[in-house]
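Participant:
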Amino acid sequence: MTDSLSITFRPFEETDLPAMADIEADLQAFPWTALQFIQSFSEGHRGLVAMAQGELIGFAVTQMVLDELSLLTLGVRRDWQRRGIARQLVQALTEQASEQGAAVLMLEVRKSNAPARSLYRRLGFVETGVRKGYYRAEEGREDAILMALTLDEGGR
Ligand SMILES: CC(C)(COP(=O)(O)OP(=O)(O)OC[C@H]1O[C@@H](n2cnc3c(N)ncnc32)[C@H](O)[C@@H]1OP(=O)(O)O)[C@@H](O)C(=O)NCCC(=O)NCCS
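With the numbering used here applied, the sequence shown closes on residue 152, and no number is skipped along the way.
#1: Output yes or no for whether 8 angstroms exceeds the beta carbon distance between Leu85 and Thr58.
#2: Just how far apart, CA to CA, sit Ser108 and Gly125?
#3: Is Leu103 near ligand 1, judged by its Cβ being under 7 angstroms from some heavy atom?
#4: Please find out if some non-hydrogen atom of ligand 1 comes closer than 7 angstroms to the beta-carbon of Gln96.
#5: Starting from the C-beta of Ser2, find all residues in its chain whose C-beta is less than 8 angstroms away, skip the five residues before and the five after it, and write them out in chain order.
#6: What would DSSP say about Thr58, mapped onto helix, strand or coil?
#7: Between the alpha carbons of Arg6 and Gly54, how many angstroms are there, rounded?
#8: Please determine if the segment 11 to 19 and the segment 29 to 37 are in contact, where contact requires at least 3 C-beta pairs separated by less than 8 angstroms.
#9: For Ala140, collect the residues of the same chain with a Cβ closer than 8 angstroms to its Cβ; drop the 5 residues on either side in sequence, then sort them by chain order.
#10: Verify the contact flag: Pro7, CB atom, against every heavy atom of ligand 1, threshold strictly below 7 angstroms.
#11: Is the closest heavy atom of ligand 1 to the C-beta of Leu52 under 7 angstroms?
#12: Which one of Leu147, Met143, Leu44 has the shortest CA to CA distance from Thr11?
#13: Between which two residues does the beta strand (DSSP E) carrying Ile141 extend?
#14: Just the Cα atoms here: how many angstroms apart are Leu65 and Met102?
#15: How far does the alpha helix (DSSP H) with Pro27 in it reach, from first residue to last?
#16: Going along the chain, which residues of its own chain have a beta-carbon closer than 6 angstroms to the beta-carbon of Leu145, five neighbours each way excluded?
Here is the structure:
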């Protein structure tokens, strides 16, 4: 089995977009489409990918607006989950954002997404609000939980 030392992280590139869209499609009921990944890349959003054995196994995409960094999407390939990859992706983003002068890292997460909410809480994010019925759901709509990590105090 590959150990964690062989996992590397780097900024995303245009050639990564199909693999990112494939992973997203497998993970999410309402995934970003390949076109959305292309648009995000061409709009200058910042992304990080995790690589192992030459394959893309995880990604995070962010958008910086003034001093706020928003985490737009995050995913780890199913066979690589629970090995600390998402934690490392978000921590790396946090460090970069801090260095670039961001004051806060913000995100929205489905209320039902217990794994992601647990991940963010472990990383020091706090819940700052709720957007009622923000997401499409299998039946009707689902709330988004707003979370934030203040980088001055909580950045790591
Ligand atoms: C959420 C997600 C990115 C986590 O990726 P991951 O690499 O498996 O997460 P990590 O191994 O870094 O886990 C870090 C912590 O997050 C929490 N966590 C992660 N997966 C969890 C799960 N299935 N159940 C409960 N807690 C979980 C735990 O606290 C974990 O720490 P621990 O392993 O020491 O208990 C992954 O499950 C995923 O891709 N989900 C589908 C897409 C998604 O929901 N993206 C987020 C949208 S906001």
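For each residue, glycine too, the CB sits at the ideal point set by N, CA and C.
None of these values were measured; they are calculated from a predicted model.
Facilitator: The structure says:
#1: no
#2: 15 angstroms
#3: yes
#4: no
#5: Ala48, Gln49
#6: strand
#7: 11 angstroms
#8: yes
#9: Glu104, Val105, Arg106, Lys107, Val126, Arg127, Tyr130, Tyr131
#10: no
#11: no
#12: Leu44
#13: 137 to 146
#14: 6 angstroms
#15: Segment: none, Pro27 is in no alpha helix (DSSP H) and carries neither H nor E.
#16: Leu101, Gly120, Phe121
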